[in-house]
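Protein sequence lines, in the order shown, are assigned to chains W and G. Sequential numbering of the first sequence, starting at 1, is according to our numbering. Sequential numbering of the second sequence, starting at 527, is according to our numbering.
Number of protein chains: 2
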Amino acid sequence: MSQLSPYWLRDNCPCAECRDQRNGQKLFQITDLPDGLAIAARTESDGGLEVLWSDGHRSRYPLEWLEQQGGGDGRTEADKRPWTAADFRHGVPEASWEAYLADPAERAAVLGAVRRSGFAVLRGVPAVERQVLAVAGTFGYVRVTNYGELFDVRVEPDPNNLAFTSVAIAPHTDNPYRDPVPTLQLLHCLDNSAPGGDSGLVDGFKAAAVLRAEAPEDFAVLTRTPVPFVFRDRATELRADRPLIGVDPLGRIREVRFNNRSIGTLRGPAEELDAFYAAYRRFAAITLRPELRLEFRLDRGDCLIFDNVRLLHARTAFEQDGSRHLQGCYADLDSLTSTLAVLDRQAAALDELAGLFAGEGAGEYLGEAVTMAEHMLQAGALAEAAGAAPHLVAAALLHDVGHFQGALHGRDLMLGQDNRHSDTGARWLERWFGPEVTEPVRLHVAAKRYLCAVEPGYRAKLSEASEYTLRVQGGPMSAEQAAAFAALPGAADAVAVRRWDEQAKEADAGTPGFEHFRPLLAALMR
Amino acid sequence: MSQLSPYWLRDNCPCAECRDQRNGQKLFQITDLPDGLAIAARTESDGGLEVLWSDGHRSRYPLEWLEQQGGGDGRTEADKRPWTAADFRHGVPEASWEAYLADPAERAAVLGAVRRSGFAVLRGVPAVERQVLAVAGTFGYVRVTNYGELFDVRVEPDPNNLAFTSVAIAPHTDNPYRDPVPTLQLLHCLDNSAPGGDSGLVDGFKAAAVLRAEAPEDFAVLTRTPVPFVFRDRATELRADRPLIGVDPLGRIREVRFNNRSIGTLRGPAEELDAFYAAYRRFAAITLRPELRLEFRLDRGDCLIFDNVRLLHARTAFEQDGSRHLQGCYADLDSLTSTLAVLDRQAAALDELAGLFAGEGAGEYLGEAVTMAEHMLQAGALAEAAGAAPHLVAAALLHDVGHFQGALHGRDLMLGQDNRHSDTGARWLERWFGPEVTEPVRLHVAAKRYLCAVEPGYRAKLSEASEYTLRVQGGPMSAEQAAAFAALPGAADAVAVRRWDEQAKEADAGTPGFEHFRPLLAALMR
């Protein structure tokens, strides 16, 4: 193991004393650590690293955590796919609105395209007013600006912005005079029957990279010159002094602002202004190269989502006689990236669950005639056949997940070993599901003890194994316990799950596989 | 005149061909300018600089524009007032909610304090739920996050954030894992009857400046190390890699992110991690120095507004038995700064109007027995006495402003000289007032011609001078003209203004001065 930085290592201690186990936030201040903190003793094993600190604290770090690479937040050129128009000669990243809504994988593909390529198009979005806000709401939050919650792009009688005329607009980013600038833009086409008015996109990161390759000093000038962008109308006076090309502290392109219309008056010595204007003109010329400009047409119902700190957007002039109407709004990349990460996490969780059913689930189920996987799949199928709500189908399907060894790992172990499989399973599922799913799982053992107490003849129907575990689990409830149980939220759902549980022990019942339930589980994870 | 950069100068040409006169946006692309552009001839005079360009274009630049200094967008340390707690020993920047709403000067003072010192407190804000959103709405737009449109800061049973417990929270900025991070935060106190729970603020720019002075290399490390800030719950997975101290391309402090709880795992060689942690610990220790920490208590009805990319906020622990409930929301500095600029611009406009009344207004009024200022003040006072709506009082007060030479300047001249004083005045006033004020001004001459046409005996009552100008202006309207006039929006208001106009020619009528009308005008400018 390579050399370790002591304060870094200690700051990352995952123990319950150092870190809130519910939300992962640190519970100590960096200044709480003593001066001269050192590793007093360390033990390495396959499981990871155990450290005794000079102040007596003990930490354990999983090997996989120690070996993890850094990655990034996905916002610099390092995590983008730079493009020229030719890269989309077979089509642009797109999906139907219907598929986007129905299928998490399709949603992840669209949002992933925005993250990597800077844009995607949704087709068949209902062409009704304000719908663009609903599109933004599928992955984030609308950013309200001086243009309102949304803006209409069409010819206006007394425009406060050239966008609201019919003239051609050269490639630009929006709102550079705002700081923070809106990092995403959505344009939803309600009508485009006017001749002209085609859309153009240019990858500003690509253009900046071309500038860096062809004229490194010009690139440097544009990264180090704060440019005043201004906008002014009767109710507004905005100004932001930001470079045309923003780089992160490591020099990687992170943000492009480019809007010829709103560059205000830069001040400085003539030679600096000369250098800036030479670089600016060179960069502007690159953004106009035909091979960099992707042209396409937005038709009624299309909604373009794009990265407003990377892509420059443009439009050709159009004839005022025809009708062209887009509705737009702004949003932010951070929420889009978060939504995408949660979708990826959910897909990984479903893969993990599928793996449990295929792997450990194939094992014996405590002396029953079915495997654990068959038992749970049967329970899910019985719930589905009974017309139960999706959350109950999921609870029935997953009720015994606490039996799986694979589920007992990681941070759950740190909360203290718990051998009650209903609790363990529910807590493990909480990472992905709400209480409507996890509570019936948590209570399904109690539900058996409850039913045996209140329902004559119920106990007699238990399987041999279930009768055995009933006794281990405490036997039928007392009248008092039963009343308390019945008062719990989720008790009725737990009882329903329990009944399917008892029935789901038929050998060779021919139930559907785990994949059958994946869409239902995915929908519940939202 | 010093040496001038040609492309810079040309890019700033103010002529109507180069710049949309309505919104100030540029009408040409920087790439439209020819290579080798040069000044062919230049003429300097007191009025400014006239340039003939090598491509034949002509530009005129006012001297005052040429001599203007750069300034900035107000966001770096250059435009801030760094502070320690002692700077507020006589009290914090504050205002009553009532005064803030009623008085633009008070509003400007509060917003100016947020811009310069990073915070202000409004007292007596109605202690009702969701009121914090209304406070944000007075200067900007709410930024919605994963915490919702607003968030409740009180003890919660299953918190996803330590803020929602009763423990002490060390100085920090919020949401560093967002990019763009919300640049403003509002905290509105609905109840604070719990012992403890006091608020603390630390000027992060000051703390960063102290670090720079005491340990320049540590300061440099913190500006050049992107730190992963992370937040994760069931629906959210946010990450932003940003330095603790963000500087602009000129090295000036522009943004501080500091949140011990949400710093994720930095990766890199051990020596870099050692250097970062040494700098981070030193900076953290500075933020905890008592002399830097301003302590105060938010009471029911107080609303704290603060700069979330500059100030660190903290709270002491409180007893869970007592009741403490804040509602908070996020917003952004750009809109606050815009609102402040518009308020300043309006105050300057009112000063300019006041100057006109005091200066040129004291001159003769086309042969009447009153000065121009007296005439307009009388008209305003008559409208007020008649119980007219504020916009009509304003229109009556300002109806002849087009007579003032002072109003005929700047960009209005560039729109073409217009000697019809009603049009000129209305257009001049459009910079500050809506059509409800400017339309009656624009139509008040037409209204005389209308009244003389449709109202028997009206013409006979005109003053001698007014009878003279009636003929110059075209005489009474034809029946057709009168019908067209009556159909205009604003015609009725213009007629009302006209009647006060005719009456407002009494010598020694003893009208109130301009200052009497200032609050009414200020309210209409919003």
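Idealized CB from N, CA, C, for every residue including glycine. All values derive from a computational prediction rather than experimental measurement.
- In the structure shown, residue 615 of chain G adopts coil according to DSSP, grouped into three states.
- Residue 263 of chain W has a beta carbon lying within less than 9 Å of a beta carbon in chain G.
- A direct Cα-to-Cα measurement between residue 1036 of chain G and residue 643 of chain G gives close to 45 Å.
- Contacts with chain G at 9 Å (Cβ-Cβ) include residue 228 of chain W.
- Residues of the segment 164 to 198 of chain W with a C-beta atom less than 7 Å from some C-beta of chain G are 170, 178, 179, 180 and 183, listed in chain order.
- Apart from the 5 residues on each side of it in sequence, residue 721 of chain G sits with its Cβ closer than 7 Å to the Cβ of 844, 845 and 848 in its chain, given in chain order.
- A Cβ of chain G is located within less than 9 Å of the beta carbon of residue 276 of chain W.
- In this structure the segment 470 to 490 of chain W touches the segment 435 to 453 of chain W; the number of beta carbon pairs closer than 8 Å is three or more.
- For the set W:439, W:176, W:239 and W:253, the Cα lying nearest the Cα of residue 212 of chain W is the one of W:253.
- The alpha-carbon separation between residue 462 of chain W and residue 503 of chain W amounts to approximately 9 Å.
- Distance from the CA atom of residue 897 of chain G to the CA atom of residue 589 of chain G, rounded to whole angstroms, is 33 Å.
- In this structure, residue 327 of chain W lies away from residue 201 of chain W, with their beta-carbon atoms at least 9 Å apart.
- For residue 6 of chain W, a Cβ of chain G is located within less than 9 Å of the residue's own Cβ.
- Within chain G, no C-beta atom comes less than 9 Å from the C-beta of residue 450 of chain W; the nearest is roughly 25 Å away.
- As DSSP reads the structure, residue 833 of chain G sits in a beta bridge with G:710.
- Taking C-beta atoms as the reference points, residue 563 of chain G and residue 601 of chain G fail to come closer than 9 Å.
- If the five residues before and after residue 439 of chain W are omitted, its C-beta is found closer than 6 Å to the C-beta atoms of 490, all from its own chain and listed in chain order.
- Excluding its 5 nearest sequence neighbours in each direction, residue 466 of chain W has C-beta neighbours in its own chain below 8 Å: 448 and 502, listed in chain order.
- In the DSSP assignment, residue 330 of chain W is bridged to W:143 and W:185.
- Nearest to residue 816 of chain G by alpha-carbon distance, out of G:850, G:696 and G:909, is G:696.
- If you draw a straight line from the Cα of residue 207 of chain W to the Cα of residue 838 of chain G, it is about 38 Å long.
- Residue contact with chain G for residue 308 of chain W: absent (no Cβ-Cβ distance below 9 Å to any residue of chain G).
- With its beta carbon at least 9 Å from every one in chain W, residue 1049 of chain G lies outside the interface.
- In the three-state reduction of the DSSP assignment, residue 112 of chain W falls in the helix class.
- By the CB criterion at 9 Å, residue 667 of chain G and residue 648 of chain G fall outside the cutoff.
- Around the beta carbon of residue 346 of chain W, a 10 Å sphere encloses 16 or more other beta carbons of the protein chains shown; the residue is thus reported as buried.
- Nearest to residue 148 of chain W by alpha-carbon distance, out of W:182, W:365, W:441 and W:285, is W:182.
- In this structure, residue 1023 of chain G keeps its C-beta atom at 9 Å or more from the C-beta atom of residue 912 of chain G.
- Contact between residue 310 of chain W and residue 192 of chain W is absent: CB atoms are separated by about 24 Å, not below the 8 Å threshold.
- Proximity of chain W to residue 660 of chain G at the Cβ level (cut-off 8 Å) is not reached, the minimal Cβ distance being about 14 Å.
- In the DSSP assignment, residue 425 of chain W falls within the alpha helix (DSSP H) that extends over 421 to 429.
- Bounds of any beta strand (DSSP E) do not take in residue 433 of chain W, whose DSSP letter is neither H nor E.
- W:225 is the residue among W:243, W:225 and W:302 whose C-alpha sits nearest the C-alpha of residue 272 of chain W.
- According to DSSP, residue 762 of chain G shares a beta bridge with G:759.
- Of the residues assessed, residue 1034 of chain G falls on the exposed side of the cut-off, its CB having fewer than 16 other CB atoms within 10 angstroms.
- Between the alpha carbons of residue 766 of chain G and residue 753 of chain G lies a gap of roughly 8 Å.
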